[in-house]
Amino acid sequence: MKKLWKKFLPLLSFMIPSLIGGGLVGIYPGYKVYEYVWKDAAFCTSCHVHDYATVGWENSSHQRLTTCHDCHHQPLHEYVREMVVLLTKNPKFPKDLDHIPYIPDDLCQACHISNHQDLSTVTGPLDKEDIDKLHKVDKTKMHQLHFQHKTKLKLLGEFKIKKIDRMGDVAIIPSNEEGKERPITCSDCHGGPSNRAHNFSATDSACVRCHQDEHKKKIGKEFGCRNCHFQDFMIPTSKNPTK
Amino acid sequence: MIDLKTILEKKRNRIIIRVAGVIIGFLGSAFIIFQVLFLYRVLPHGGL
């Protein structure tokens, strides 16, 4: 090794200026590659062709404000596994999507809770000042109320989609199956129908999972939940006249 | 030991070595910058 080093040392010394020059020029393209891989959804969607999810994200307010990696995190070895799976057993949508998408609370909280400390998950185009301006759910009455309560419904992540249901064009609504008591999570209401990923609007079907006994008369069936209750989820607590 | 003097006598060799240096430096630094930034983002969320 020492011999080899001695042999090439003069050559390397001669190369040093050009190595430094090339290295300096390489910093910018290196950063641009990182930016493309990490911050540009075009990189992800070049392989992940999932119609509902991509269309859902493109049509949502998140499209202009976030990128894939703001919410999609995984350990390093999963990136390697992903490449192997892509080459050996490329999963097809929707027949291979066997689970209901489940988003842990901390991902939502990074932007939607006031004074949230951990912004390390956010890498998209939003600056901290912009995030501070976003609607904070802990400051609204109905969100607060839901955060204080618990539910026995199973987490969305615990549901498996039957093969026969995956292929249909009908939205899959999680059942009312119960498990252990737990706090209500963002996904419980904003998870959307399972095969409409990235649809984060709270749907009436999410309300009904817990509130199935409310408004059994015509008004509930005709107008749905959100026509009357939506504003209570948006009005800040201090300005809420009902407080 | 490589006789640098003999190698560098030819102008063509000098150019080849310099171009190789620039290319190696360029690719090396681009790769390192990408890796450092990528790992900086990935490692806090699930580690290796």
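The listed protein sequences derive, respectively, from chains H and L.
Under the numbering used here, residues -10 to 232 are what the first sequence spells out, in order.
Under the numbering used here, residues 37 to 84 are what the second sequence spells out, in order.
All residues carry an ideal CB built from backbone N, CA and C; glycine is no exception.
All values reported here derive from a predicted model rather than from experimental measurement.
- Task: Just mark Phe212/H as buried or exposed, buried being the case when its beta carbon has 16 or more other beta carbons within 10 Å.
- Result: If you number the first sequence from 1, residue 212/H lands on position 223. Exposed.
- Query: With a CB to CB cut of under 6 angstroms and the five nearest residues on each side skipped, what residues in its chain are close to Ala195/H?
  - Reply: Taking the first sequence and counting its residues from 1, one reaches residue 195/H at position 206. Only Cys178 meet the Cβ criterion.
- Interface residues of chain L around Val26/H at Cβ under 8 angstroms? Taking the first sequence and counting its residues from 1, one reaches residue 26/H at position 37. Those within 8 angstroms of Val26/H in chain L are Phe70 and Phe74.
- Message: Taking the beta strand (DSSP E) that Leu142/H belongs to, which residues open and close that run?
- Response: The sequence position of residue 142/H within the first sequence is 153, counting from 1. Unbroken beta strand (DSSP E) run through Leu142/H: Lys139 to Leu142.
- Under 7 angstroms Cβ to Cβ from Asp221/H, same chain only, skipping five residues before and after it: list those, please. Indexing the first sequence from 1 puts residue 221/H at position 232. Lys130 and Met131, listed in sequence order.
- Determine the direct distance from the alpha carbon of Lys149/H to that of Arg155/H, and round the result to whole angstroms. By 1-based counting over the first sequence, the position of residue 155/H is 166. By 1-based counting over the first sequence, the position of residue 149/H is 160. Roughly 10 angstroms separates the two Cα atoms.
- Pull up the distance between the alpha-carbon of Ile84/L and that of Gly19/H, whole angstroms please. Working through the second sequence from its first residue, we reach residue 84/L at position 48. Working through the first sequence from its first residue, we reach residue 19/H at position 30. According to the sequence provided, residue 84/L is Leu. The question's Ile does not apply to it. Approximately 22 angstroms between the Cα atoms of the pair.
- Message: Any heavy atom of the ligand HEM closer than 7 angstroms to the beta-carbon of Phe82/H?
- Response: This structure simply doesn't include the ligand HEM, nor any ligand for that matter.
- Task: Have a look at Cys33/H and Ala42/H and give me their C-alpha separation to the nearest angstrom.
- Result: Mapped onto the first sequence, residue 33/H falls at position 44. Mapped onto the first sequence, residue 42/H falls at position 53. Distance between the alpha carbons of Cys33/H and Ala42/H is about 12 angstroms.
- Query: Identify the residues that DSSP records as bridge partners of Phe48/L: which are they?
  - Reply: Within the second sequence, numbered from 1, the residue matching residue 48/L stands at position 12. Rather than Phe, the amino acid found at residue 48/L in this sequence is Arg. Arg48/L pairs with nothing; no bridge assigned.
- Closest Cβ-Cβ distance between Tyr91/H and chain L: below 8 angstroms? For the purposes of this step, residue 91/H is identified with residue 102 of the first sequence, where counting begins at 1. Output row for Tyr91/H: interface = no.
- Determine which residues share a DSSP beta bridge with Gln149/H and list them. Taking the first residue of the first sequence as 1, we reach residue 149/H at position 160. According to the sequence as given, residue 149/H is Lys; it is not Gln. Lys149/H is bridged to His88/H.
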